[in-house]
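Before any comments, here is the structure.
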DNA sequence: CAATCGCAATTGTCGGACTAATCCTTGCGG
DNA sequence: CCGCAAGGATTAGTCCGACAATTGCGATTG
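If you want it as structure tokens, here you go:
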């Protein structure tokens with residue numbers, strides 16, 4: 026058994042929109058919510074590759090016993106994994122880990138599991154490629170369709186980022202919120218599920234940059250440029266500024282990864 | 026109870042990559058796989074809006090009884106919905122339908138549920154906006170990174186589409202497969218989960234066009250143009266051709282929606 | 001009137017038995 | 001010797017009935 030659910034596994038509870046980063050805000054889930062915790066455990070084990078693709082997670086009774094939960098709770102956990110495309114269950118064959126191409130890598134929980142361990146450089150690159158494609162267009166739409174309320178909250182985020190810096194959790198949270206607001210303001214319902222993946226990329230960048238300390242460039246000017254363009258309803262300007270922002274973040278992030 | 030699971034609900038079994046379209050290929054699942062069927066039932070009821078946002082799906086025992094399944098199976102179905110962001114369960118409060126912004130609209134099953142009933146024009150527009158942003162970039166990457174094997178399969182799809190036309194299931198399948206292959210060939214793991222949403226948009230287009238019959242333009246020339254550019258490793262050409270393809274599909278689709 | 005307490009509704013968990021599907025072996029017949 | 005069919009064994013899927021934990025809300029009390 027590559028698992029174990031002794032105390033202190035720190036449920037993780039992603040799903041909101043935050044990724045582990047601020048995983049401190051656990052209300053008081055002192056117990057009795059096992060299938061979620063177990064789903065996290067198994068999810069991490071699979072996404073990290075500790076359980077190889079094609080492997081059989083076989084023996085519901087035995088596994089549930091090993092994790093010290095009932096078979097029902099174990100099954101509910103597996104259903105969650107199946108719903109996210111990580112595994113599939115068939116009678117007699119057991120539940121097998123599906124190939125990565127079937128995984129829903131944009132799901133908030135899957136992303137959290139992917140970044141729970143050391144981030145994979147190739148996947149980070151893919152995520153930035155996605156950002157580079159999507160976010161400039163999102164910024165353009167946001168500039169053209171944003172409401173005053175959305176703009177006001179964006180201003181607040183920018184202010185917070187400037188005052189708090191990205192070295193403290195509140196600053197990072199404001200950063201994530203700013204990018205999420207742009208997606209909201211784009212008014213495109215199909216874009217909303219991409220929020221989590223963009224937040225993940227944002228977090229990786231700030232995390233690695235603050236870990237390395239110096240030698241990285243300041244992302245604030247570009248953020249401000251995006252905001253200004255959105256305020257002026259300048260779609261082209263917002264797209265261009267966002268493009269610069271992402272290019273810079275991408276370069277710095279990979280420089281940081283290379284060094285570590 | 027707005028539900029019922031008498032025979033003939035036709036499980037639906039999405040998840041592969043196909044959307045309902047060819048929902049005929051049900052092997053022999055004559056019974057005994059309830060939680061999946063019930064998840065489809067509830068999912069459709071929620072996504073279609075028959076169960077309004079904020080509503081309480083309360084009373085696991087009663088609901089399970091009404092659906093004529095055990096509480097365990099019902100709970101597993103609800104876990105699936107929760108994993109896709111449709112509902113959340115809390116003791117004493119019941120399981121409530123979350124706001125649409127929390128739904129994972131890119132999940133294959135959620136998409137299938139969204140298109141199981143009459144498609145919502147606003148969401149179709151959002152989907153095409155997403156395609157317009159993502160797919161030209163995907164085509165560019167595919168042109169630059171494709172393998173020979175991928176190219177060969179693309180050629181096969183194009184040939185099939187030409188011979189079979191989009192009026193028969195095989196032709197539509199080839200169409201979906203072609204777009205999926207482009208994503209695969211892009212070599213970007215983060216793009217793969219977008220396959221289902223693109224397939225959904227593709228299906229809506231072909232479905233509506235074939236329903237209306239005449240007055241729509243032929244998408245084959247643009248498909249061929251994309252393929253030729255990918256063959257020549259011409260990134261710019263592939264992106265441009267894909268852009269034309271999507272613009273045309275978008276226009277024709279909305280013309281068809283407006284007429285119906 | 002406000003703060004606290006307790007109740008009851010509802011999900012979460014348990015375990016243990018039975019059902020259905022399916023792979024694999026074994027044996028039969030050609 | 002080979003093909004095919006029957007049966008066994010393995011594993012997920014379902015069901016049942018009970019108990020535990022959580023928590024919103026009303027009742028009670030200062």
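Protein chains in written order, with the numbering used here: chain A, 26 to 285; chain B, 26 to 285. C-beta atoms are modelled at their ideal positions from N, C-alpha and C, and glycine is treated no differently.
With a threshold of 16 other CB atoms inside 10 Å of the CB of residue i, please say whether the residue is buried or exposed.
i: residue 292 of chain B; result: Since the first residue of chain B shown is 26 and the last is 285, residue 292 of chain B is not available in this structure.
i: residue 86 of chain A; result: exposed
i: residue 110 of chain B; result: buried
i: residue 132 of chain B; result: buried
i: residue 58 of chain A; result: exposed
i: residue 192 of chain A; result: exposed
i: residue 115 of chain A; result: exposed
i: residue 83 of chain A; result: exposed
i: residue 281 of chain A; result: buried
i: residue 118 of chain B; result: exposed
i: residue 173 of chain B; result: exposed
i: residue 220 of chain A; result: buried
i: residue 164 of chain B; result: buried
i: residue 100 of chain A; result: buried
i: residue 232 of chain B; result: buried
i: residue 272 of chain A; result: exposed
i: residue 285 of chain B; result: exposed
i: residue 274 of chain B; result: buried
i: residue 127 of chain B; result: buried
How is residue i classed by DSSP in three states: helix, strand or coil?
i: residue 119 of chain A; result: strand
i: residue 100 of chain A; result: helix
i: residue 114 of chain A; result: strand
i: residue 170 of chain B; result: helix
i: residue 81 of chain B; result: strand
i: residue 227 of chain A; result: helix
i: residue 130 of chain B; result: coil
i: residue 92 of chain A; result: coil
i: residue 7 of chain B; result: Chain B is shown from 26 up to 285; residue 7 of chain B falls before or after that span and cannot be answered.
i: residue 75 of chain A; result: coil
i: residue 193 of chain B; result: coil
i: residue 247 of chain A; result: helix
i: residue 145 of chain B; result: coil
i: residue 257 of chain B; result: coil
i: residue 124 of chain B; result: coil
i: residue 45 of chain B; result: Because residue 45 of chain B carries a pLDDT of 40, less than 50, the predicted location of this residue cannot be relied on, and no value is offered for it.
Could you tell me the boundaries of the alpha helix (DSSP H) in which residue i lies?
i: residue 187 of chain B; result: 173–189
i: residue 65 of chain A; result: 59–72
i: residue 109 of chain A; result: Taken as a continuous stretch (DSSP letters only), residue 109 of chain A belongs to no alpha helix (DSSP H), as it is neither H nor E.
i: residue 272 of chain A; result: 260–284
i: residue 216 of chain A; result: Per DSSP, residue 216 of chain A belongs to no alpha helix (DSSP H) and is neither H nor E.
With a cut-off of 8 Å on the beta carbons, I'd call residue i and residue j a contact; round off their distance for me.
i: residue 23 of chain A; j: residue 106 of chain A; result: Past the boundaries of the shown model lies residue 23 of chain A; chain A is included only from 26 to 285, so the question cannot be answered.
i: residue 234 of chain A; j: residue 277 of chain A; result: 6 Å
i: residue 156 of chain A; j: residue 102 of chain A; result: That pair is no contact at about 31 Å.
i: residue 80 of chain A; j: residue 121 of chain A; result: 7 Å
i: residue 139 of chain B; j: residue 72 of chain B; result: 5 Å
i: residue 179 of chain B; j: residue 255 of chain B; result: 7 Å
i: residue 130 of chain A; j: residue 217 of chain B; result: 7 Å
So does the stretch 136–148 of chain A actually touch the stretch 174–192 of chain A, counting three or more Cβ pairs closer than 8 Å? no
Could you check whether the stretch 151–159 of chain B touches the stretch 198–208 of chain A, counting it as contact only if at least three pairs of C-beta atoms, one from each stretch, sit closer than 8 Å? no
So, do the stretch 262–278 of chain B and the stretch 245–254 of chain B have three or more beta carbon pairs nearer to each other than 8 Å? yes
Meets three-Cβ-pair contact criterion under 8 Å: the stretch 157–172 of chain B and the stretch 227–243 of chain B: no
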